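Chains as they are written, first to last, in the working numbering: chain A, 4 to 257; chain B, -17 to 253.
We put the beta carbon where it would ideally sit given N, CA and C, even for glycine.
No experiment lies behind these values; they were computed from the predicted model shown.
Below is one structure; the comments refer to it alone.
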């Protein structure tokens, strides 16, 4: 097995607040890796650092052996890292289909060629992207013929749409930030099947999730963050029994 | 078919439609420019200067479009680092700089302006330019580039995380808008036959903004309807002639209350 994502001694400070302190962890190719921890542990900050949305104060991150610390989010995306957002961030003025098409954006060649081919009614790249968009919409269980805007979807379907948008770019690593939030038991099971299916298609997954049952059922490996530091890392059944983890979740007196 | 009077109004309407579309493109990427008159001035002066040297009008228009486009890239570059209201201030500054530049630039007449321009603007060419510009902007809306512009407008952080190069798309939006304004300027100069810096002051940028906001900033037909409305209405309602700016101001206030999204609603494409 090879390391796909390597995070080395990453620190992130917001003014005087230490969001991440010396975080080191690695995600192995082909695994479902869960990132858990109490609220405010720095999970989303780590996601933002990994996806290039924010830059780490110090430390190094590399993807498939390439150091990409400090690259812009679109450059990170181009390497094959796609993500969703915990607070669903769809484009409200674009239709469901167009939102997924945005996910295809980076796989459609040069923007300048696009400019020249503007008079062409349906350029090849556009036709291919449309097929891809319909395909991923179907794979997450959304009807690609829906003539509605994202705001008309239920929150659960909005989360599915975000996953579709991320998948549209054929990523090698998919970052999922609390995809199960707001879902009922049946929907969580469905999501679990979807995540497994995505992994089987060859995509490595880094998952932030509070839903313990889902994490324990899916994850090959779990990293636990607390107050910005890694306090445990290992297979789910080992991490579950770790005294430090129990203390972090329930308090020292537990 | 047209009397000279209505023909002239139609030409100015066409020029205003081009101006409206020139602002629509950067605005769809969230770049609200209040300096479109600057690009129009560049187009007007360059084409007028060239046709006075007996360069064919077609080449003069092309030169206007290219130089304005480059000016758009120049103005767009610093605009990439700033957002929202600061882009308005920056573009306003650009419009004023351009105006003052032409006011003091002796080779194009300085404060005396440029007179004796040949009457080369023909209504059918203006209308053709409008149709082509509208087609391009419509195609843009259905293309990946246009989608990226809307995505940036709505949420630039997410857009970048979805792999959109913000710099390239914003610069292209700015440049494409500037090209259209440059062409509008070329037609304008060869219709009025006399241009001076005063004609490209802030009020022209502001009225271009009115075309888009009134017509609808989320539909390519919005600026067209806005330009038609604002150009033709005062001509038919001669009463408001002396109260032009008051009339437009009131129109904007009323639109903000009753049609905040413009006369024409946003267009959506579901597949």
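8 angstroms Cβ shell around residue i - same chain, five flanking residues per side excluded
{"i": "residue 91 of chain B", "result": "97, 178"}
{"i": "residue -3 of chain B", "result": "108, 166, 169, 170, 173"}
{"i": "residue 76 of chain A", "result": "54, 55, 56"}
{"i": "residue 188 of chain B", "result": "16"}
{"i": "residue 226 of chain B", "result": "216"}
{"i": "residue 257 of chain A", "result": "Low per-residue confidence applies at residue 257 of chain A: pLDDT is 48, beneath 50, and the placement is therefore not dependable, though the value from the model is reported in the following sentence. Closer than 8 angstroms at Cβ, skipping near neighbours: 249, 250."}
{"i": "residue 161 of chain A", "result": "91, 93, 153"}
{"i": "residue 250 of chain B", "result": "none"}
Start-to-end residues for the beta strand (DSSP E) that takes in residue i
{"i": "residue 50 of chain B", "result": "No beta strand (DSSP E) contains residue 50 of chain B, which is instead part of the alpha helix (DSSP H) from 39 to 61."}
{"i": "residue 39 of chain A", "result": "35 to 39"}
{"i": "residue 1 of chain A", "result": "Residue numbering for chain A in the displayed model covers 4 to 257; residue 1 of chain A lies beyond these limits and cannot be assessed."}
{"i": "residue 65 of chain A", "result": "61 to 66"}
{"i": "residue 210 of chain A", "result": "207 to 211"}
{"i": "residue 235 of chain A", "result": "232 to 237"}
Extent of the continuous alpha helix (DSSP H) run through residue i
{"i": "residue 80 of chain B", "result": "66 to 86"}
{"i": "residue 14 of chain A", "result": "Careful: residue 14 of chain A lies outside any alpha helix (DSSP H), inside the beta strand (DSSP E) at 6 to 17."}
{"i": "residue -14 of chain B", "result": "-14 to 10"}
{"i": "residue 77 of chain A", "result": "76 to 82"}
{"i": "residue 228 of chain A", "result": "Not the alpha helix (DSSP H): residue 228 of chain A falls in the beta strand (DSSP E), residues 224 to 229."}
{"i": "residue 136 of chain A", "result": "127 to 142"}
{"i": "residue 104 of chain A", "result": "99 to 107"}
{"i": "residue 233 of chain B", "result": "226 to 240"}
{"i": "residue 205 of chain B", "result": "203 to 218"}
{"i": "residue 155 of chain A", "result": "Unbroken run through residue 155 of chain A: none, as it is neither H nor E."}
{"i": "residue 246 of chain A", "result": "246 to 253"}
{"i": "residue 27 of chain B", "result": "18 to 34"}
{"i": "residue 219 of chain A", "result": "215 to 221"}
{"i": "residue 115 of chain A", "result": "114 to 119"}
For residue i, the nearest candidate out of the options (CA to CA)
{"i": "residue 155 of chain B", "options": "B:204, B:50, B:-5", "result": "B:50"}
{"i": "residue 235 of chain A", "options": "A:4, A:27, A:6", "result": "A:27"}
{"i": "residue 229 of chain B", "options": "B:212, B:242, B:245, B:243", "result": "B:212"}
{"i": "residue 175 of chain A", "options": "A:101, A:232, A:205", "result": "A:205"}
{"i": "residue 30 of chain B", "options": "B:15, B:18, B:16, B:47", "result": "B:47"}
{"i": "residue 10 of chain B", "options": "B:124, B:181, B:55", "result": "B:124"}
{"i": "residue 198 of chain B", "options": "B:101, B:237, B:243, B:43", "result": "B:243"}
{"i": "residue 46 of chain A", "options": "A:230, A:70, A:133, A:98", "result": "A:230"}
{"i": "residue 147 of chain B", "options": "A:20, A:111, A:61, A:18", "result": "A:111"}
{"i": "residue 157 of chain A", "options": "A:190, A:134, A:172, A:133", "result": "A:190"}
{"i": "residue 164 of chain B", "options": "B:175, B:27, B:36, B:-12", "result": "B:27"}
{"i": "residue 265 of chain A", "options": "A:199, A:145, A:66", "result": "Outside the modelled stretch of chain A, which goes from 4 to 257, sits residue 265 of chain A, for which no answer is possible."}
{"i": "residue 140 of chain B", "options": "A:159, A:163, A:169", "result": "A:169"}
{"i": "residue 38 of chain B", "options": "B:112, B:129, B:102", "result": "B:102"}
{"i": "residue 186 of chain A", "options": "A:213, A:177, A:209", "result": "A:213"}
{"i": "residue 35 of chain B", "options": "B:235, B:89, B:237, B:71", "result": "B:89"}
{"i": "residue 17 of chain A", "options": "A:9, A:38, A:7, A:59", "result": "A:59"}
{"i": "residue 96 of chain A", "options": "B:114, B:104, B:130", "result": "B:130"}
Residues near residue i by beta carbon distance below 7 angstroms, same chain, minus five either side
{"i": "residue 12 of chain B", "result": "134, 135"}
{"i": "residue 41 of chain A", "result": "229, 251, 252"}
{"i": "residue 85 of chain B", "result": "92, 93, 179"}
{"i": "residue 171 of chain A", "result": "103, 106, 107, 135, 136, 139"}
{"i": "residue 100 of chain B", "result": "33, 172"}
{"i": "residue 151 of chain A", "result": "99"}
{"i": "residue 43 of chain A", "result": "none"}
Distance between beta carbons of residue j and residue i, contact taken as under 8 angstroms
{"i": "residue 218 of chain B", "j": "residue 1 of chain B", "result": "Contact flag wrong, Cβ pair sits at about 20 angstroms."}
{"i": "residue 2 of chain A", "j": "residue 48 of chain A", "result": "Look at the range of chain A in this structure, 4 to 257, and you will see that residue 2 of chain A is not part of it."}
{"i": "residue 153 of chain A", "j": "residue 102 of chain A", "result": "6 angstroms"}
{"i": "residue 75 of chain B", "j": "residue 19 of chain B", "result": "Residue 75 of chain B to residue 19 of chain B, Cβ: 12 angstroms. No contact."}
{"i": "residue 22 of chain B", "j": "residue 186 of chain B", "result": "7 angstroms"}
{"i": "residue 7 of chain B", "j": "residue 127 of chain B", "result": "Actually they are not in contact, since the Cβ atoms of residue 7 of chain B and residue 127 of chain B sit about 10 angstroms apart, beyond 8 angstroms."}
{"i": "residue 227 of chain A", "j": "residue 233 of chain A", "result": "7 angstroms"}
{"i": "residue 207 of chain A", "j": "residue 30 of chain A", "result": "6 angstroms"}
{"i": "residue 208 of chain B", "j": "residue 184 of chain B", "result": "Not really, about 18 angstroms apart at Cβ, beyond 8 angstroms."}
{"i": "residue 181 of chain A", "j": "residue 143 of chain A", "result": "That belief does not hold up - the Cβ atoms of residue 181 of chain A and residue 143 of chain A are roughly 16 angstroms apart, past 8 angstroms."}
{"i": "residue 162 of chain B", "j": "residue -8 of chain B", "result": "That belief does not hold up - the Cβ atoms of residue 162 of chain B and residue -8 of chain B are roughly 18 angstroms apart, past 8 angstroms."}
{"i": "residue 14 of chain B", "j": "residue 64 of chain B", "result": "With 8 angstroms as the limit, residue 14 of chain B and residue 64 of chain B do not qualify as a contact, their Cβ atoms being about 12 angstroms apart."}
{"i": "residue 53 of chain B", "j": "residue 143 of chain B", "result": "Actually they are not in contact, since the Cβ atoms of residue 53 of chain B and residue 143 of chain B sit about 31 angstroms apart, beyond 8 angstroms."}
Contacting residues, own chain, Cβ-Cβ under 6 angstroms from residue i (five flanking each side not counted)
{"i": "residue 126 of chain A", "result": "120"}
{"i": "residue 223 of chain A", "result": "34, 35"}
{"i": "residue 5 of chain A", "result": "32"}
{"i": "residue 205 of chain B", "result": "2, 3, 6, 193, 194, 197"}
{"i": "residue 19 of chain A", "result": "none"}
{"i": "residue 202 of chain A", "result": "35, 208"}
{"i": "residue 51 of chain A", "result": "57"}
Any beta strand (DSSP E) of 3 or more consecutive residues that is wholly inside the segment 158 to 183 of chain A
As for any beta strand (DSSP E) of minimum length 3 sitting wholly inside the segment 158 to 183 of chain A, the runs are 176 to 180, ordered along the chain.
Quick check on the DSSP output: what are the complete alpha helix (DSSP H) runs of length 4 or more inside the segment 101 to 185 of chain B, in order along the chain?
Entirely contained in the segment 101 to 185 of chain B, the alpha helix (DSSP H) runs reaching 4 residues are, in chain order, 105 to 123, 126 to 136, 138 to 143, 148 to 174.
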